[in-house]
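Step one of this worksheet: look at the structure below.
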Amino acid sequence: MILSIDSNDANTAPLHKKTISSLSGAVESMMKKLEDVGVLVARILMPILFITAGWGKITGYAGTQQYMEAMGVPGFMLPLVILLEFGGGLAILFGFLTRTTALFTAGFTLLTAFLFHSNFAEGVNSLMFMKNLTISGGFLLLAITGPGAYSIDRLLNKKW
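Going by the numbering used here, the sequence shown opens with residue 18, and the numbers climb by one from there.
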């Protein structure tokens, strides 16, 4: 008697393929359950730099204004910078106006990369430039995915 095995039959797939498939399914299921927690953690971690930098600009207003002017940015724009960094950071943290704030923050971060970190002759600038690009990518992802379940936006049932 000759046994025939249909290679398309899922029951005859090699054990390692079944194991990988079931493991992949388990990971996917677990990640789906943790998605909102993951977005919350990201919303807590991402704005830390912005909140602290914004606070530094508030407490060191005159020095920051002088630095901006030395870099060719008008000092009268400092309140807008503070609003974006400090206010935007808090908005992201609490998930308020998340998509809009994340989009503006991504643009702001790209702009600061080019204004303040594009002189690659100064060693640290290339690293700071890449850091800003990376942060912008994170904020763009947040603008696309939204704030998650644990947010003011979700409480207000808004999609901004």
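Glycine included, every Cβ here is placed at the ideal spot set by N, Cα and C.
Just tell me which of the options has its CA closest to the CA of residue i.
| i | options | result |
| --- | --- | --- |
| Thr-76 | Val-58, Ala-87, Leu-95 | Leu-95 |
| Gly-165 | Pro-91, Leu-144, Gly-105, Leu-51 | Leu-51 |
| Ile-161 | Phe-131, Leu-144, Leu-173, Thr-118 | Thr-118 |
| Gly-154 | Gly-140, Leu-120, Tyr-167, Leu-107 | Leu-120 |
| Ser-168 | Ile-61, Leu-127, Leu-158 | Ile-61 |
| Tyr-78 | Ile-99, Asn-142, Gly-105 | Ile-99 |
| Asn-136 | Met-88, Ala-70, Ser-38 | Met-88 |
| Gly-105 | Val-141, Thr-81, Phe-156 | Phe-156 |
Determine the extent of the alpha helix (DSSP H) in which residue i is found, giving its start and end residues.
| i | result |
| --- | --- |
| Phe-125 | 115 to 133 |
| Ala-166 | Note, Ala-166: premise wrong, no alpha helix (DSSP H); not H, not E. |
| Gly-106 | 105 to 111 |
| Asn-142 | 140 to 162 |
| Gly-73 | 65 to 76 |
| Leu-95 | 95 to 99 |
Compare the C-beta of residue i with all C-beta atoms of chain B and state if any pair is closer than 9 angstroms.
| i | result |
| --- | --- |
| Gly-89 | You won't find chain B in this structure, because it holds only one protein chain. |
Are residue i and residue j closer than 9 angstroms when you measure CB to CB?
| i | j | result |
| --- | --- | --- |
| Leu-110 | Pro-64 | yes |
| Ala-130 | Met-145 | yes |
| Leu-101 | Phe-133 | no |
| Val-56 | Leu-159 | yes |
| Ile-152 | Leu-40 | no |
For residue i and residue j, which I take to be in contact (beta-carbon distance under 8 angstroms), what is that distance rounded to the nearest angstrom?
| i | j | result |
| --- | --- | --- |
| Thr-115 | Asp-53 | Actually they are not in contact, since the Cβ atoms of Thr-115 and Asp-53 sit about 13 angstroms apart, beyond 8 angstroms. |
| Trp-72 | Phe-103 | 6 angstroms |
| Ile-68 | Leu-128 | Actually they do not touch by this definition, with Cβ atoms about 19 angstroms apart. |
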